Amino acid sequence: MAAKMDNREVAAILYEVADLLEIKGVGFKPVAYRRAAHVIETLTEDLAKVCGRDELEELPGIGTHIATKIREILKKGSLAYLDRLRQEVGPGVRELAGIAGIGPKKAMVLHQKLGIDSIDALEAAAREGKIRIIAGFGEKSEKNILAEIAARKGRAARFLLGDMLPVAEKIRSALALLPEVRQISPAGSIRRMKETIGDIDILAAAHEGSAEAVMAAFTSLPEVDRVLGSGPTKSSVVLASGVQVDLRVVSEEQYGTALQYFTGSKDHNIALRRRALDRGWSLSEYGVKETKTGTNLPVTGEEDLYRMLGLPFIEPELRENRGEIEAAEKGTLPSVVPYDAVRGDLHLHTNRGDGEDPVRELAAAAKARGYGYIAVCDHAESPGIPRGLNPEKIAQQQKEIEAVNRELDGLVVLHGIECSIGPDGSLNLPAKVLGDLDLVIASVHSLLRMEAKEMTERVTAALHNDHVDVLGHPAGRLLLKREPAALDLPAVFEAAAGLGIALEINGSPSRMDLPDSGCRKAREYGARFALGSDAHASAALRQMALAAATARRGWVSADEIVNTRSPADLRAWLGR
DNA sequence: GCCGTTTTCGGCCCGACTGTTTTCAGTCG
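The first sequence begins at 212 in this note's numbering and counts up by one.
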């Protein structure tokens with residue numbers, strides 16, 4: 212029996228087919244395979260279920276041929292067509308195309324002329340000066356290849372959004388001070404608030420003829436380690452931290468369409484361009500023009516552009532071509548939670564637990580942010596958990612919170628706890644203690660590699676504990692470090708929704724958990740969400756933005772989130 | 001290989017930058 216294939220594994224096979232076809236020089240098929248792969252990758256339902264209903268061909272981008280191949284993959288766990296392509300193209304060629312500056316064409320040439328089939332072989336050939344003699348390559352390309360191979364050895368492939376937001380803001384604000392710069396904004400995946408990003412994109416509008424000055428200022432910023440390229444509209448640099456930053460400069464008139472264009476995603480933009488083509492227009496970063504006459508149509512900004520295409524404004528966080536354009540067209544796009552709609556933070560750690568600051572300080576910082584309440588949720592004592600609280604310490608914390616609440620006006624501190632879910636679904640505090648607390652978060656902190664069935668039973672059992680209010684970081688992933696736990700999330704969503712338990716959206720930069728795709732799926736079950744920064748210091752309260760961004764990317768609206776409610780309504784929900 | 005308020009055949013997103021070239025292909029986003 213073949214191993215069960217999940218959507219991501221099926222998509223990976225189709226992506227590889229697309230790459231290999233492209234290396235072979237086949238036209239258009241790669242686009243088709245890539246589109247199908249993307250549809251599958253972003254599908255919220257298990258592909259095997261769609262296949263079981265015989266509805267594969269109804270998915271956009273999937274026709275009879277690709278559907279047949281998907282059925283083979285689901286049945287056998289492999290695809291004969293791919294195996295054949297691998298043999299034809301040769302091993303390692305796809306890997307070569309992953310080097311910056313080498314694409315499918317050059318990878319194939321390197322393989323055919325020099326027999327290069329790995330990055331190591333490429334490096335050796337470049338060192339020996341064998342590459343410069345091939346037509347289409349030169350000394351410069353050889354040097355660039357070596358530089359790129361050296362650079363990628365010490366560089367992370369992707370970066371955490373939470374780490375990069377301050378970096379982007381620093382560059383943005385430095386360039387905003389230039390007299391030539393009229394408008395400036397982050398763009399790309401950082402503006403879409405994607406959990407991890409590959410590079411930082413920044414877009415600026417400058418006075419006519421002053422782009423060069425802006426570029427010169429950009430490439431000579433103190434954080435810049437090396438300049439990859441610089442022209443009048445586009446420059447790329449690498450910072451000392453290894454992250455690449457791209458700056459584009461356009462005129463003020465072009466800023467709106469350019470901001471839309473450079474925010475992406477690529478797939479969202481391609482879909483929009485198709486839409487423009489249907490209307491007889493051609494869409495680019497510089498505006499909209501009539502295909503036939505070449506006349507430019509005036510566009511005042513992003514909102515205007517979407518309006519021209521017959522759509523309401525689509526928030527940047529939604530622009531992933533995951534059905535947002537179709538939903539916008541039908542008017543079924545939810546109004547996603549505004550960042551300022553969050554009225555309190557439901558997951559904070561204090562210095563009695565493994566946090567840094569006392570309750571009083573956290574409360575002051577929360578009040579300064581305009582919150583009406585916070586929930587202090589230190590860890591309950593448990594093996595492997597640093598500085599967990601036992602019942603005695605919980606009682607002491609209760610006195611501290613009562614004192615702070617007496618002093619404070621306009622902010623309520625709730626006394627909560629973050630319990631660990633044991634292997635059998637039990638919690639590590641007795642019911643008597645839990646019953647006295649305002650809010651109980653239950654989270655899995657150990658044995659994350661359990662089998663899916665066991666893990667699902669474990670989490671579901673914990674949800675049936677009468678005292679649990681919130682399921683903490685439900686997927687159990689650590690971004691760039693650990694894959695999500697094997698867990699039947701839809702089953703968990705259904706149970707949580709039925710029991711009135713909220714799913715946490717945790718704003719820790721390495722968690723952002725429940726992930727956006729999970730949020731979207733959970734909404735189908737009528738689930739409720741609780742946003743928490745998981746701050747371990749008052750400065751980290753700003754991590755709430757990462758939680759809110761995840762909710763937005765998951766199409767979650769304010770009324771589906773418990774901590775957009777007033778203090779009284781939140782209390783009512785906690786006492787449900 | 002997919003798809004259709006111009007199409008069941010003939011299209012398939014668009015422009016900048018680089019390095020190699022004497023006018024452009026390849027790559028990238």
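Positions of the beta carbon are idealized from the N, C-alpha and C atoms, including for glycine.
Remember, it's a predicted structure, so these values are computed and weren't measured experimentally.
Would you kindly work out how many angstroms separate the C-alpha atoms of residue i and residue j, rounded to a whole number?
i      : j      : result
Leu483 : Leu520 : 8 Å
Arg219 : Ala311 : 25 Å
Ala769 : Arg763 : 9 Å
Lys664 : Ala696 : 11 Å
Gly409 : Leu439 : 16 Å
Glu572 : Gly627 : 17 Å
Asp269 : Arg753 : What sits at residue 269 in the sequence shown is Glu, not Asp. Computed Cα separation, rounded: 43 Å.
Glu252 : Pro443 : 37 Å
Tyr550 : Val300 : 49 Å
Asn532 : Ala469 : 18 Å
Pro685 : Arg776 : 22 Å
Val261 : Ala247 : 14 Å
Ala642 : Ser593 : 16 Å
Leu372 : Ala758 : 12 Å
Gly491 : Arg530 : 23 Å
Ala362 : Asp265 : 47 Å
Pro509 : Gly498 : 8 Å
Gly309 : Asp489 : 34 Å
Asn562 : Arg782 : 25 Å
Arg486 : Tyr226 : 25 Å
Gly340 : Glu350 : 8 Å
Arg588 : Lys445 : Reading off the sequence shown, one finds Cys at residue 588, where the question assumed Arg. The alpha-carbon atoms of Cys588 and Lys445 are separated by roughly 47 Å.
Trp784 : Glu359 : 55 Å
Glu463 : Ser476 : 22 Å
Gly737 : Glu705 : 8 Å
His418 : Glu406 : 34 Å
Thr506 : Lys500 : 5 Å
For residue i, I'd like the list of residues in its chain whose CB is within less than 6 Å of its CB, leaving aside the five on either flank, ordered along the chain.
i      : result
Ile342 : Ala336, Phe348 and Glu353
Gln471 : Glu513 and Leu516
His590 : Gly564, Ile596, Gly599 and Glu629
Arg669 : Gly636
Ala672 : Gly636
Met212 : For Met212, the predicted structure reports a pLDDT of 44, less than 50, and the residue's modelled location is therefore unreliable. The matter cannot be settled from this model.
Leu645 : Val651 and His678
Is the beta carbon of residue j closer than 7 Å to that of residue i?
i      : j      : result
Gly860 : Glu513 : Since the first residue of the chain shown is 212 and the last is 787, residue 860 is not available in this structure.
Pro545 : Thr474 : no
Leu619 : Asn676 : no
Val461 : Ala416 : yes
Met666 : Leu690 : no
Tyr244 : Ala229 : yes
Leu559 : Ile585 : yes
Pro634 : Leu659 : no
Leu324 : Ile356 : The sequence shown places Lys at residue 324, not Leu. It is not a contact, given that the beta carbons lie outside the stated cut-off.
Ala707 : Leu742 : no
Ile612 : Val623 : no
Gly687 : Val651 : no
Val448 : Thr430 : yes
Val615 : Val681 : no
Asp727 : Gly765 : yes
Lys280 : Leu290 : yes
Ala539 : Pro523 : yes
Might you give, ordered along the chain, the residues of its own chain that have their beta carbon closer than 8 Å to the beta carbon of residue i, omitting 5 neighbours on each side?
i      : result
Ile411 : Met375, Val378, Ala379, Ile382, Pro397, Gly399, Ile401, Val454, Gln455, Val456 and Asp457
Ala748 : Gly566, Glu567 and Asp568
Phe740 : Ala713, Leu714, Glu715, Ile716, Leu725, Cys730, Ala733, Ala762, Val767, Glu771, Ile772 and Val773
Arg413 : It should be noted that the sequence gives Ile, not Arg, for residue 413. Closer than 8 Å at the Cβ level, and outside the excluded window around Ile413, lie Ala379, Ile382, Arg383, Leu386, Ile395, Ser396, Pro397, Ala398, Val456, Asp457, Leu458 and Arg459.
Gly583 : Arg554, Gly555, Gly621, Leu622, Val623, Ser777 and Pro778
Lys503 : Gly491
Arg722 : His684, Arg688, Leu689, Leu690 and Asp745
CB-CB under 7 Å to residue i, same chain, minus the five flanking residues each way: which ones, in chain order?
i      : result
Met216 : Ile284, Leu285 and Gly288
Ile327 : Leu307, Leu321, Leu333 and Ala336
Ala451 : Glu434 and Asp436
Met755 : Val553, Asp556, Gly718, Leu742 and Ser744
Ala760 : Met404 and Glu528
List in chain order: all unbroken alpha helix (DSSP H) runs of 4+ residues lying wholly within the region 700-731. Correct list: 700-710.
Please confirm if the region 228-237 is in contact with the region 308-323, defined as three or more CB-CB distances below 8 Å between the two stretches. Counting Cβ pairs under 8 Å, three or more are found: they touch.
In chain order, which beta strand (DSSP E) runs of at least 3 residues are fully inside the region 311-353? Look at the region 311-353 and you find no whole run of beta strand (DSSP E) that is 3 residues long or longer.
Enumerated in chain order, which unbroken segments of the beta strand (DSSP E) with a length of 3 residues or greater are wholly contained in the region 580-656? Counting whole runs of 3 or more residues, the region 580-656 contains the beta strand (DSSP E) stretches 584-590, 623-631 and 650-654.
Contiguous alpha helix (DSSP H) assignments of at least 4 residues, all confined to the region 235-261: If we require 4 residues or more, the alpha helix (DSSP H) runs fully inside the region 235-261 come out as 240-252.
Cβ pair count under 8 Å reaching 3, the region 388-395 against the region 703-715: By the Cβ rule, the region 388-395 does not count as touching the region 703-715, because fewer than three pairs are nearer than 8 Å.
Curious, which full-length beta strand (DSSP E) runs of at least 3 residues does the region 399-463 contain? For the region 399-463, whole beta strand (DSSP E) runs of length 3 or above, ordered along the chain, are 410-417, 435-441, 445-450 and 455-461.
Taking only runs that begin and end inside the region 727-759, name each unbroken alpha helix (DSSP H) of 4 or more residues, in chain order. Qualifying alpha helix (DSSP H) stretches, in chain order: 727-734.
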